[in-house]
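One structure below.
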Amino acid sequence: MDRSPDRNRDSGSGGKTVIPGLIDDHNHVVRATEYWPNEARLDGVTTRGEALQILQEKAASLAPGEWLMSLGGWSEVQFAGDRSDFTLEELDAVAPDRPAFIQSVYHHAFGNTAWFEAMGIPLVARDGEQEGSTEFGDSVLRDANGRVTGRLNGGFPMIELALQSFPEVSSEQQTDAIVTAFEYLNSIGLTTVYDPAGVGIRRESYTRLREIADNQGLTVRIFHTLGGSMPRTPQDARDLILEIQSSRPFQGDAFVDLIAVGEIWFAPFHWDSTLGSTEPTVDDTSWARQIMIAAAEGGWSLQTHATQPTTIDHVLDLITQVNSVQPMRQLRWSIAHADNITAEQLDRARHLGMNILLRSNMVMNDRQPVFDAFGDAAYDMPPLRMIQDSGVTYGLGTDGTKAAQINPFVTLWWAVTGKALNGDVIQHQTLTREEALIAHTRGNALAMFQEQNLGAIKPGLLADMLVLDRDYLTVPADEIKDIRPITTIVGGQVVYGEL
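According to the numbering used here, the sequence shown is numbered sequentially starting from 9.
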């Protein structure tokens with residue numbers, strides 16, 4: 009892969025810096041459009057006060073009674089200074105006339121009085137009353153007097169339960185939401201997204217995306233996976249194999265295309281976390297092998313969520329076996345996240361023609377548990393410099409919109425400086441500005457089979473580019489996260505700002 013950066017100044021841009029349109033290698037934005045009309049984004053916000061102001065402004069923009077939501081993409085850890093919980097009183101002041109549900113990544117959430125009332129959760133626990141009398145059980149945090157504080161613990165199960173009560177978005181509303189969400193992505197410099205479906209996504213969301221592309225056009229290119237569930241059982245595996253065999257990848261165009269299976273294609277085999285690996289059974293591995301073979305036979309790329317060395321070893325061992333009977337090197341299978349990948353594993357992945365899809369979620373997550381578990385080794389998770397020097401094809405992205413913020417310039421800044429949004433140094437292995445830019449453009453284009461269309465500025469490509477408000481290669485490193493496009497161009501057309 010050509011590793012020289014694309015960065016131009018020309019008279020057509022008024023002497024401003026022009027770079028290729030940025031590509032996110034892992035962003036669940038299509039799922040996010042199912043709730044986008046009610047969503048307040050806190051991407052890159054660094055103070056608690058600014059976050060409350062954004063929430064208040066979003067609430068004021070909604071029709072009476074419409075819910076206010078902020079569904080992840082932020083955490084209190086990203087704030088400099090005061091990182092205390094949002095209180096019930098603060099959220100009541102922000103949204104006095106509507107339910108508000110403010111989710112901090114996948115860890116906890118905050119609600120206002122109207123939300124607790126809508127859920128049937130008593131604001132004050134009566135003597136002898138058990139919180140288990142409501143569906144939320146002991147997720148609700150109360151003070152010494154039994155009054156709700158506004159906070160809900162319980163992680164993913166609590167959040168999944170809360171989602172079931174969210175108001176439905178109509179087809180017309182989602183069509184508008186897709187347009188609005190993509191305008192937001194354009195405003196922060198994104199022109200293409202590799203969307204790995206996401207647990208709970210409605211399949212019709214991709215159908216709606218296709219309809220918009222055909223009828224009015226899109227301003228963000230979406231290459232996505234066959235997913236939307238978390239297969240766990242043998243029957244789930246059978247169903248997925250049948251779907252793989254009855255579908256075909258690469259039938260779309262340069263704006264919307266289904267290209268891969270993943271990221272969660274058989275949870276018992278490869279679903280893990282930054283703090284814990286997965287130990288699959290013999291049966292789990294057997295089902296995983298059948299899914300891999302079906303994907304390889306059908307010409308599918310395969311994206312696998314895996315973060316820990318043990319999990320990555322299981323994945324690479326099985327891919328090596330499958331490759332011996334059904335070659336898959338040309339299919340550009342990938343490992344998503346790879347937070348704790350080793351040098352040996354990178355070498356194995358490179359020989360299998362695989363890609364590594366990195367994320368920047370650590371820029372706003374609580375890293376203390378990771379340092380508690382791994383000590384100073386946590387500074388090398390992910391090992392950016394080792395990955396860059398390994399020769400493996402890799403890309404940068406976020407893992408938004410819930411588990412991470414989605415501003416690509418924050419990702420570039422993190423990769424170059426090694427810093428979290430709150431100013432802490434969390435990364436010892438960093439990249440040069442050129443390396444990070446290539447990973448966020450050309451590297452991601454390769455993972456999506458789009459290197460002949462995207463990822464660079466040169467004749468014959470599709471003319472996705474950004475005119476920036478400052479020079480990415482020369483501004484002080486700490487300003488990289490603050491860069492904004494003056495103009496975003498997709499397919500030669502201005503979709504944000506003006507020339």
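Ideal placement from N, C-alpha and C gives every residue a C-beta, glycine not left out. Computed from a predicted structure; not experimentally measured.
- Item | Those residues which DSSP pairs with Asp490 across a bridge | In DSSP, Asp490 forms no bridge with anything.
- Closer than 6 Å by C-beta to Leu429: which residues in its own chain qualify, once you throw out the five before and the five after it? Chain order, please. Taken in chain order, the residues that qualify are Thr54, Gln86, Val371 and Met372.
- Met473 - partner residues in DSSP beta bridges: DSSP, once it has assigned bridges, lists Pro28 and Ile497 as partnering Met473.
- Message: To the nearest angstrom, how far is the alpha carbon of Gly249 from that of Pro204?
- Response: Reading off the sequence, residue 249 comes out as Ile, not Gly. For Ile249 and Pro204, the distance between alpha carbons rounds to 18 Å.
- Item | Which listed residue (Val201, Ile252, Thr121 and Arg216) has its alpha carbon closest to that of Phe231 | Considering only alpha carbons, the answer is Val201.
- Task: Quick one: using the 10 Å Cβ neighbour count with 16 as the cut-off for buried, is Phe274 buried or exposed?
- Result: By the neighbour-count rule (16 or more Cβ atoms within 10 Å), Phe274 is buried.
- Completely contained beta strand (DSSP E) runs for the segment 297 to 362, where each covers 3 or more residues: Runs of beta strand (DSSP E) with 3 or more residues, each lying fully within the segment 297 to 362, are found at 309 to 314 and 342 to 345, listed in chain order.
- Arg150 by DSSP, collapsed to three states: which one? Secondary structure at Arg150: strand, using DSSP grouped into helix, strand and coil.
- Task: Using a threshold of 8 Å, state whether the C-beta atoms of Gln413 and Trp82 are closer than that.
- Result: In this structure, the beta-carbon distance from Gln413 to Trp82 falls below 8 Å.
- Item | Proximity winner among Trp295, Gly29 and Gln259, relative to Gln243 (alpha-carbon distances) | Residue Trp295 holds the alpha-carbon nearest to the alpha-carbon of Gln243 among Trp295, Gly29 and Gln259.
- Query: Which word fits Tyr402, buried or exposed, when buried means at least 16 other C-beta atoms lie within 10 angstroms of its C-beta?
  - Reply: In the assembly as shown, Tyr402 is a buried residue. Its beta-carbon has 16 or more other beta-carbons within 10 Å.
- Message: Please give me, in chain order, every unbroken run of the beta strand (DSSP E) with length at least 3 that falls completely inside the segment 85 to 128.
- Response: Listed in chain order, they are 108 to 112 and 116 to 119.
- Task: Could you pull the start and end residues of the beta strand (DSSP E) that His232 belongs to?
- Result: Per DSSP, His232 belongs to the beta strand (DSSP E) from Arg229 to Leu234.
- Query: Ordered along the chain, which non-local residues of its own chain (more than five positions away) have a Cβ less than 7 Å from that of Ala302?
  - Reply: Answer for Ala302: Ile249, Ile252 and Gln253, listed in chain order.
- Task: Identify the continuous beta strand (DSSP E) that holds Asp203 and give its terminal residues.
- Result: Counting along the chain, Asp203 sits inside the beta strand (DSSP E) bounded by residues Leu198 to Asp203.
- Pull up the distance between the alpha-carbon of Thr25 and that of Val475, whole angstroms please. Straight-line Cα distance between these residues: approximately 6 Å.
- Task: Please classify Ser78: does DSSP put it in a helix, a strand, or coil?
- Result: Ser78 falls in the strand class under three-state DSSP.
- Message: Between which residues of its own chain and Tyr114 is the CB-CB distance below 8 Å, once the five residues before and five after are set aside?
- Response: The beta carbon of Tyr114 sits closer than 8 Å to the beta carbons of Gly80, Gly163, Phe164, Ile167, Lys410 and Ala411 from its chain, once the five residues preceding and following it are set aside; these are given in chain order.
- Query: Is Tyr504 helix, strand or coil when you go by DSSP?
  - Reply: Correct three-state label for Tyr504: strand.
- Query: Which runs of the alpha helix (DSSP H), 4 residues or longer, sit entirely within the segment 363 to 417?
  - Reply: Segments of the alpha helix (DSSP H) lying fully in the segment 363 to 417: 376 to 382 and 392 to 398.
- Message: Between Ala304, Ile343 and Val333, which has its C-alpha nearest Val323's C-alpha?
- Response: Val323 has its Cα closest to that of Ile343, out of Ala304, Ile343 and Val333.
- What do you reckon, are the CB atoms on Gln316 and Asp280 nearer than 8 Å? Yes, Cβ-Cβ distance for Gln316 and Asp280 is below 8 Å.
- Taking Cβ positions, are Leu30 and His345 nearer each other than 8 Å? Not closer than 8 Å, so no.
- Message: Please report the straight-line C-alpha distance between Ile110 and Arg39, rounded to a whole angstrom.
- Response: A straight-line Cα-Cα distance of about 17 Å links Ile110 and Arg39.
- Message: For a test of the three-state rule: what should DSSP assign to Gly140, helix, strand or coil?
- Response: In this prediction, Gly140 scores a pLDDT of 48, lower than 50, which makes its location untrustworthy; no coordinate-derived value is stated.
- Query: Span of the beta strand (DSSP E) holding Leu266?
  - Reply: From DSSP, the beta strand (DSSP E) with Leu266 extends over Val264 to Val269.
- Task: Look at the Cβ atom of Pro107, then the Cβ atom of Ala117, and state whether they are nearer than 8 Å.
- Result: No, Cβ-Cβ distance for Pro107 and Ala117 is not below 8 Å.
- With 16 as the cutoff for other CB atoms within 10 Å, does Val37 come out buried or exposed? Buried, since its Cβ has 16 or more Cβ neighbours within 10 Å.
- Determine the DSSP secondary structure at Ile284, reduced to helix, strand or coil. Correcting the residue type first, residue 284 is Gly in the shown sequence and not Ile. Strand at Gly284.
- Message: Suppose contacts are defined by Cβ-Cβ distances below 8 Å. Is Ile349 in contact with Met336 by that definition?
- Response: Annotated as distal: Ile349 and Met336, with beta-carbon spacing of 8 Å or more.
- Would you call Gly140 buried or exposed, if buried means 16 or more other Cβ atoms sit within 10 Å of its Cβ? Confidence at Gly140 is low in this model, with a pLDDT of 48, below 50, so its placement is unreliable and the value that follows should be read with caution. Exposed is the call here.
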